[in-house]
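Participant: Chains as they are written, first to last, in the numbering used here: chain B, 1 to 114; chain A, 115 to 229.
We treat Cβ as the ideally placed atom computed from N, Cα and C, and that holds for glycine.
Structure incoming, see below.
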Amino acid sequence: DSGVTQTPKHLITATGQRVTLRCSPRSGDLSVYWYQQSLDQGLQFLIQYYNGEERAKGNILERFSAQQFPDLHSELNLSSLELGDSALYFCASSGIAGFTDTQYFGPGTRLTVL
Amino acid sequence: AQTVTQSQPEMSVQEAETVTLSCTYDTSESDYYLFWYKQPPSRQMILVIRQEAYKQQNATENRFSVNFQKAAKSFSLKISDSQLGDAAMYFCAYRKIAAGNKLTFGGGTRVLVKP
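See below:
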């Protein structure tokens, strides 16, 4: 158990809908990262937050957005869902220092868009 | 941009034997981190081992060890005394040394362990 929690584990929804994925980092970790794992694109970085502020953006679609709250949990919002958004979404967290910290992954949320 | 390449889509190993997974990467940085993550059928991403580029000594974690060749930009993982529980996808990943940087992953290598 990495200490990172993600809810829900599975999500099935229809095209055009909007969903919210939630992540709680390890105790004390200030950084949260979101990654998408799909069959055709592999594991890709989406976005990073550090202590409530957006720190870095990767290949994140405009239909996707994220935020990190004062209690450090993070939410990834996916809207106008398409079939191609079906994937495993991981959240990872790392510690205060940031420079040397390893990222620890949550169990992931499997999103299926029908 | 940094890229990570794993040239072996799948590797098979007999239980108790040794298997080596290859990883090459491309970067213009001199300081960085390299990782191997394991993803078993549960899909959880589990850190296996980590290597700092400034360290010449190869990292070791129990039955897992790496061969880090900085000049060749190569970072292979050796699994010794393979166990059935080692069966999984293994991902090589790169991260710049600056604070909070993302991981860049290779495409993964599936390891099959034969009893």
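Beta-carbon within less than 6 Å of B/Arg-22's beta-carbon, same chain only, minus the 5 sequence neighbours each way: which residues are those?
Facilitator: The residue you call residue 22 of chain B lines up with position 22 of the first sequence. Closer than 6 Å at Cβ, skipping near neighbours: Thr-7, Glu-75.
Participant: Within 10 angstroms of its Cβ, does A/Gln-120 collect 16 or more other Cβ (buried), or is it exposed?
Facilitator: Taking the first residue of the second sequence as position 1, residue 120 of chain A is located at position 6. Looking at its Cβ environment, which holds 16 or more other Cβ atoms inside 10 Å, A/Gln-120 is buried.
Participant: Could you tell me whether the Cβ of A/Arg-224 comes closer than 8 Å to any Cβ of chain B?
Facilitator: For this step, residue 224 of chain A is matched to residue 110 along the second sequence. So no, A/Arg-224 is outside the interface.
Participant: Between B/Ala-87 and B/Gly-108, what straight-line distance do the alpha-carbon atoms span, to the nearest angstrom?
Facilitator: Residue numbering aside, residue 87 of chain B sits at position 87 when the first sequence is read from its first letter. Residue numbering aside, residue 108 of chain B sits at position 108 when the first sequence is read from its first letter. B/Ala-87 and B/Gly-108: Cα-Cα distance of roughly 10 Å.
Participant: Can you tell me which of the three DSSP states A/Asp-145 falls into?
Facilitator: Here residue 145 of chain A refers to the residue found at position 31 when the second sequence is read from its first residue. A/Asp-145: coil per DSSP, three-state reduction.
Participant: Quick check on this structure: which residue in B/Tyr-104, B/Leu-111, B/Ile-60, B/Phe-69 has the alpha carbon closest to the alpha carbon of B/Glu-53?
Facilitator: Stepping through the first sequence from its first residue, residue 53 of chain B is reached at position 53. With distances taken between Cα atoms, B/Glu-53 lies closest to B/Phe-69.
Participant: Compute the Euclidean distance between the alpha carbons of B/Pro-13 and A/Arg-157, then round it to the nearest angstrom.
Facilitator: One-based indexing of the first sequence puts residue 13 of chain B at position 13. One-based indexing of the second sequence puts residue 157 of chain A at position 43. The amino acid at residue 13 of chain B is misidentified as Pro; the sequence shows Thr. The alpha-carbon atoms of B/Thr-13 and A/Arg-157 are separated by roughly 21 Å.
Participant: Does the CB of A/Gln-183 have a neighbour CB from chain B at under 8 Å?
Facilitator: The sequence position of residue 183 of chain A within the second sequence is 69, counting from 1. It does not: the Cβ of A/Gln-183 has no partner Cβ on chain B nearer than 8 Å.
Participant: Work out the CA separation of A/Val-225 and A/Asn-252 for me, nearest whole Å.
Facilitator: Residue coverage of chain A in this structure runs from 115 to 229, which leaves residue 252 of chain A outside it and unanswerable.
Participant: For A/Asp-140, which residues in the same chain have their Cβ closer than 7 Å to its Cβ, ignoring the five residues on either side in sequence?
Facilitator: Position 26 of the second sequence holds residue 140 of chain A. Gln-116, Thr-117, Lys-187, listed in sequence order.
Participant: Are the Cβ atoms of B/Tyr-35 and B/Phe-90 separated by less than 8 Å?
Facilitator: One-based indexing of the first sequence puts residue 35 of chain B at position 35. One-based indexing of the first sequence puts residue 90 of chain B at position 90. Contact: yes.
Participant: Determine the DSSP secondary structure at B/Gly-98, reduced to helix, strand or coil.
Facilitator: Here residue 98 of chain B corresponds to residue number 98 of the first sequence, with the count starting at 1. Confidence in B/Gly-98 is poor, its pLDDT being 49 and thus under 50, which makes the residue's placement too unreliable to answer from.
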